[in-house]
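Below is one structure, written out as structure tokens; comments come after it.
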Amino acid sequence: MINEIVKILDRKLCDHCLGRQVSQLIYDLTNEERGRMLRNIVAMMIDGKFIDNSKINQNNFYNIKFRQNKEFGKDAKKEKCWLCNDLFDNLESMTKKAEVKLKKIDFNNFLVGSKVPDEVLKKEEKLWEETGIEYVESIKSEINREVGKKLGFLFNRPTNFKNPDVVVLADFSNKKINLQINSLYILGCYQKLKRGIPQSKWGTPGKYSTSVQEMVAKPLMKVTHGKGNSFHGMGREDVDARCLGWRPFIIEIAEPKKRFINLKQIQKEINKSRKIKVDKLKFSDKFTVVRIKSEKGDKTYRLMVDFDKPVEKSDLRKLKSLLGVISQQTPVRVMHRRADMTRRRMVKEMKFKQISKKRIELTVRTSAGLYVKELVTGDNGRTRPSVSEILNVKAIPKKLDVIKIESPKNL
Ligand SMILES: [Zn+2]
27 MINEIVKILD RKLCDHCLGR QVSQLIYDLT NEERGRMLRN IVAMMIDGKF IDNSKINQNN
87 FYNIKFRQNK EFGKDAKKEK CWLCNDLFDN LESMTKKAEV KLKKIDFNNF LVGSKVPDEV
147 LKKEEKLWEE TGIEYVESIK SEINREVGKK LGFLFNRPTN FKNPDVVVLA DFSNKKINLQ
207 INSLYILGCY QKLKRGIPQS KWGTPGKYST SVQEMVAKPL MKVTHGKGNS FHGMGREDVD
267 ARCLGWRPFI IEIAEPKKRF INLKQIQKEI NKSRKIKVDK LKFSDKFTVV RIKSEKGDKT
327 YRLMVDFDKP VEKSDLRKLK SLLGVISQQT PVRVMHRRAD MTRRRMVKEM KFKQISKKRI
387 ELTVRTSAGL YVKELVTGDN GRTRPSVSEI LNVKAIPKKL DVIKIESPKN L
């Protein structure tokens, strides 16, 4: 190995870049320390004339005094590192810049990423090819670790590789620090107590004065100083339906400056509206968003069904045949945003109460993804069977409420 080291010392290398060539040898040393050790060993070999020094760049031994081989190193000058151009001299100032920026935000953990000039990376590749040493480390990896160590010490916060609150991007090409602040996720569940409120603000822009999303987001945006927000519900109810069962959701706040916030206080603030109610707010993560989006819990609905002509009580018993598999082609009213396909869903429980000859109250428990209004109307034969089809009347859904949403206990 020492031959390879001697070989690459034909150019000036700093301790970091030299040490990185044997980075995976011996624990508990920095690359800088490894580099200094190697340099001293090579210097001793030169001093004792154990090796041919004709190709060695003397500037590698600037400030080292040779005792035996007095000819060597006489003309050594201070020279910048061939590989990194003394990039590591900027480590302190870059860390300082990162510190200033990080002081302005809340974070539990962080990760450092870096950018170095392409030229440096190319030279590093070249060096690896020349030596063939397999114990190397990349310059970016060393920078990330060294800056990470310093910041970890300054803020007393751990590094998080999988899901950091903030990524410190150290760009050594222009000596700038950028923070990539990752979203804050808050899990909870909501009830929608009034009709005519869409779940997300994108539902029907301009048509409604507010949405569940906006009411939940408002106090959060105020305290977090986030840049924006997205709402991830475990399914959603129609705009004209109430949701009296608790529906799990996650609100995602983009680029929050503050994330150490009082969720109890936020909950109180949201619940002042009386249009919606939220509960069980807690901090969550992006992985739970995926889970919420893919949950397929049963839903229970209660609604009034009006008939265009009177139906005898004895005939209502036929409604039992709603139980079981429902074949449902994408409803006409949602076709503009959903693929046209036929899905099979279940009605698992069903009960009804006659209110008058032309009205019943219907309660159904269904598998997720069944469009319950079409279960009533039949959607011109696209949903089968349906209340309309079974009773041979025109059945119209009214006052739809979601009364129960089955959700996983361990959310
Ligand atoms: Zn270097």
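Residue 27 is where the sequence shown starts when you use our numbering, and the numbers rise one by one after that. Backbone N, C-alpha and C fix where the C-beta goes; we use that ideal spot for every residue, glycine too. This one's a predicted model, so the numbers in the text were calculated from it and none came from an experiment.
Boundaries (first-last residue) of the beta strand (DSSP E) holding G139: Position 113 of the sequence shown holds residue 139. Taken as a continuous stretch (DSSP letters only), the beta strand (DSSP E) holding G139 covers F136 to K141.
Candidates V242, I207 and R46: which alpha carbon is nearest N485's? Within the shown structure, residues of the chain are numbered from 27 to 437, placing residue 485 beyond reach of any answer.
Can you look up D332 in the DSSP assignment and give me helix, strand or coil? The count along the sequence shown starts at 1 and reaches residue 332 at position 306. Here D332 sits in strand by DSSP.
Can you tell me where the alpha helix (DSSP H) holding M372 begins and where it ends? Against the sequence shown, residue 372 aligns to sequence position 346. Per DSSP, M372 belongs to no alpha helix (DSSP H); it is in the beta strand (DSSP E), T368 to S382.
Does ligand 1 have a heavy atom nearer than 7 angstroms to the CB of L24? Residue numbering for the chain in the displayed model covers 27 to 437; residue 24 lies beyond these limits and cannot be assessed.
Does M260 pass the burial test, meaning 16 or more other C-beta atoms within 10 Å, or should it be called exposed? Residue 260 sits at position 234 when you count from the first residue of the sequence shown. Looking at its Cβ environment, which holds 16 or more other Cβ atoms inside 10 Å, M260 is buried.
Can you give the Cα-Cα distance for K103 and Y88, rounded to whole angstroms? Taking the first residue of the sequence shown as position 1, residue 103 is located at position 77. Taking the first residue of the sequence shown as position 1, residue 88 is located at position 62. One C-alpha to the other measures close to 6 angstroms.
Cβ pair count under 8 angstroms reaching 3, the stretch 267-286 against the stretch 414-432: yes
So if DSSP puts A280 in a beta bridge, which residue, or which two residues, is it bridged to? For the purposes of this step, residue 280 is identified with residue 254 of the sequence shown, where counting begins at 1. The partner list for A280 (beta bridge, DSSP) reads G254.
Can you list, in chain order, the stretches of the alpha helix (DSSP H) that have 4 or more residues and sit fully within the stretch 304-351? 312-320 and 339-342
Per DSSP, which residues does Y216 bridge with? Please list them. The sequence position of residue 216 within the sequence shown is 190, counting from 1. According to DSSP, Y216 bridges with R273 and V304.
Could you round the C-beta distance between T250 and R285 to whole angstroms and report it? I think they count as a contact, below 8 angstroms. Numbered from 1 along the sequence shown, position 224 holds the residue referred to as residue 250. Numbered from 1 along the sequence shown, position 259 holds the residue referred to as residue 285. Right, the Cβ-Cβ distance comes to about 6 angstroms (below 8 angstroms), so this counts as a contact.
Give a yes or no on whether the C-beta atoms belonging to I165 and C110 are separated by under 8 angstroms. Against the sequence shown, residue 165 aligns to sequence position 139. Against the sequence shown, residue 110 aligns to sequence position 84. It is a contact, given that the beta carbons lie within the stated cut-off.
Three or more C-beta pairs closer than 8 angstroms, one from the stretch 198-213 and one from the stretch 150-163: is that the case here? no
Would you please state the rounded distance, in angstroms, between the beta carbons of V413 and V402? I believe it to be under 8 angstroms. What you label residue 413 is simply residue 387 of the sequence shown in a count that begins at 1. What you label residue 402 is simply residue 376 of the sequence shown in a count that begins at 1. At roughly 5 angstroms, the Cβ-Cβ gap stays under 8 angstroms, so V413 and V402 are in contact.
Where does D191 land, buried or exposed, given buried means 16+ other C-beta within 10 angstroms? The residue labelled residue 191 in the question sits at position 165 within the sequence shown. D191 is buried by the Cβ-count criterion.
Roughly how many angstroms separate the alpha carbons of R60 and D54, rounded to a whole number? Residue mapping note: residue 60 aligns to position 34 of the sequence shown, counting from 1. Residue mapping note: residue 54 aligns to position 28 of the sequence shown, counting from 1. Whole-angstrom Cα-Cα distance: 10 angstroms.
Would you decide whether Q291 is buried or exposed? Buried here means 16 or more other CB atoms lie within 10 Å of its CB. On the sequence shown, position 265 is the one that residue 291 refers to. Classification of Q291: exposed, given that the 10 Å Cβ count is below 16.
On the CB-based measure, 16 or more other CB atoms within 10 Å of its CB, does G395 come out buried or exposed? Counting from 1 along the sequence shown, the entry for residue 395 is found at position 369. Its Cβ having fewer than 16 others within 10 Å, G395 is exposed.
Mind checking whether V194 and V142 have CB atoms under 8 angstroms apart? Within the sequence shown, residue 194 is the residue found at index 168, counting from 1. Within the sequence shown, residue 142 is the residue found at index 116, counting from 1. Cβ atoms of V194 and V142: not closer than 8 angstroms.
Quick one: does the C-beta of L147 sit closer than 7 angstroms to a heavy atom of ligand 1? Locating residue 147 in the sequence shown gives position 121, counting from the first residue. No, the beta carbon of L147 sits no closer than 7 angstroms to any heavy atom of ligand 1.
Alpha-carbon to alpha-carbon, L113 and D41: Residue mapping note: residue 41 aligns to position 15 of the sequence shown, counting from 1. Residue mapping note: residue 113 aligns to position 87 of the sequence shown, counting from 1. Approximately 12 angstroms between the Cα atoms of the pair.
Please work out which residues of its chain come closer than 6 angstroms, Cβ to Cβ, to Q225, disregarding the five sequence neighbours upstream and downstream, and give them in chain order. Position 199 of the sequence shown, counted from the first residue, corresponds to residue 225. So the qualifying residues of the chain are V238, G259 and R262.
Spatial distance of K325 from M247 (CA atoms): On the sequence shown, position 299 is the one that residue 325 refers to. On the sequence shown, position 221 is the one that residue 247 refers to. Those two C-alpha atoms are separated by around 31 angstroms.
Collapsed DSSP secondary structure at Q293 in the structure displayed: In the sequence shown, counting from the first residue as 1, residue 293 sits at position 267. Q293: helix per DSSP, three-state reduction.
Would you tell me roughly how many angstroms separate the C-alpha atoms of Y211 and K435, rounded to the nearest one? Working through the sequence shown from its first residue, we reach residue 211 at position 185. Working through the sequence shown from its first residue, we reach residue 435 at position 409. C-alpha separation (whole angstroms): 19 angstroms.
From this set, R391, R359 and I386, which residue's C-alpha is nearest M372's C-alpha? Walking along the sequence shown from the start, residue 372 turns up at place 346. Minimum Cα distance to M372 is reached at R391.
Quick one: is P282 buried, meaning 16 or more other Cβ sit within 10 Å of its Cβ, or exposed? Walking along the sequence shown from the start, residue 282 turns up at place 256. The residue in question, P282, is buried, as its Cβ has 16 or more Cβ neighbours within 10 Å.
Nearest-angstrom Cα separation, counted from G232 out to K344: Stepping through the sequence shown from its first residue, residue 344 is reached at position 318. Stepping through the sequence shown from its first residue, residue 232 is reached at position 206. Going from the Cα of K344 to the Cα of G232 covers about 43 angstroms.
Would you check if the stretch 348-368 and the stretch 301-310 touch, i.e. whether three or more CB-CB distances between them fall below 8 angstroms? no
For G323, collect the residues of the same chain with a Cβ closer than 7 angstroms to its Cβ; drop the 5 residues on either side in sequence, then sort them by chain order. Counted from its first residue, the sequence shown places residue 323 at position 297. Excluding residues within five positions, the ones whose Cβ falls inside 7 angstroms are A394, I431, E432 and S433.
Which class does R46 belong to by DSSP, given the choice of helix, strand or coil? The sequence position of residue 46 within the sequence shown is 20, counting from 1. Here R46 sits in helix by DSSP.
Which of the three DSSP states, helix, strand or coil, is assigned to A102? For the purposes of this step, residue 102 is identified with residue 76 of the sequence shown, where counting begins at 1. Here A102 sits in coil by DSSP.
Through-space distance from L177 to V126, alpha-carbon basis: As a position in the sequence shown, residue 126 is number 100, starting the count at 1. As a position in the sequence shown, residue 177 is number 151, starting the count at 1. Their Cα atoms are separated by approximately 11 angstroms.
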